[in-house]
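The number in the working numbering is simply the position in the sequence shown, starting from 1, with 93 added.
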Amino acid sequence: MKKTPLPMLVERMGQTAVAKALGVSSPAISKALRAERDIQVTEHDDGTFTAEEIRPFPSQSTAA
Numbered sequence: 094m095k096k097t098p099l100p101m102l103v104e105r106m107g108q109t110a111v112a113k114a115l116g117v118s119s120p121a122i123s124k125a126l127r128a129e130r131d132i133q134v135t136e137h138d139d140g141t142f143t144a145e146e147i148r149p150f151p152s153q154s155t156a157a
């Protein structure tokens with residue numbers, strides 16, 4: 094098991110491959126990168142990927 098920040102994994106694998114591995118769309122990965130979200134991706138020994146976002150608690154919401 095290895096944890097990698099999302100931007101580093103995208104740099105290594107490419108945005109489309111990371112999106113497919115996580116089961117999300119490529120635009121979702123792009124949006125997370127643009128928003129500079131603190132997302133850590135875990136590469137499991139069986140070849141699967143999971144991701145977790147680290148956020149402060151309580152989270153401060155911003156007005157859109």
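Every residue, glycine too, gets a C-beta built ideally from N, C-alpha and C.
From a predicted model like this one, the values you see are computed outputs, not experimental measurements.
Remark: C-beta atoms of A144 and L126 do not approach each other more closely than 8 angstroms. Closest in alpha carbon position to I147, among E136, E129, H137 and K124, is E129. In the structure shown, V103 adopts helical secondary structure according to DSSP, grouped into three states. Around the beta carbon of T141, fewer than 16 other beta carbons sit within 10 angstroms, so the residue counts as exposed.
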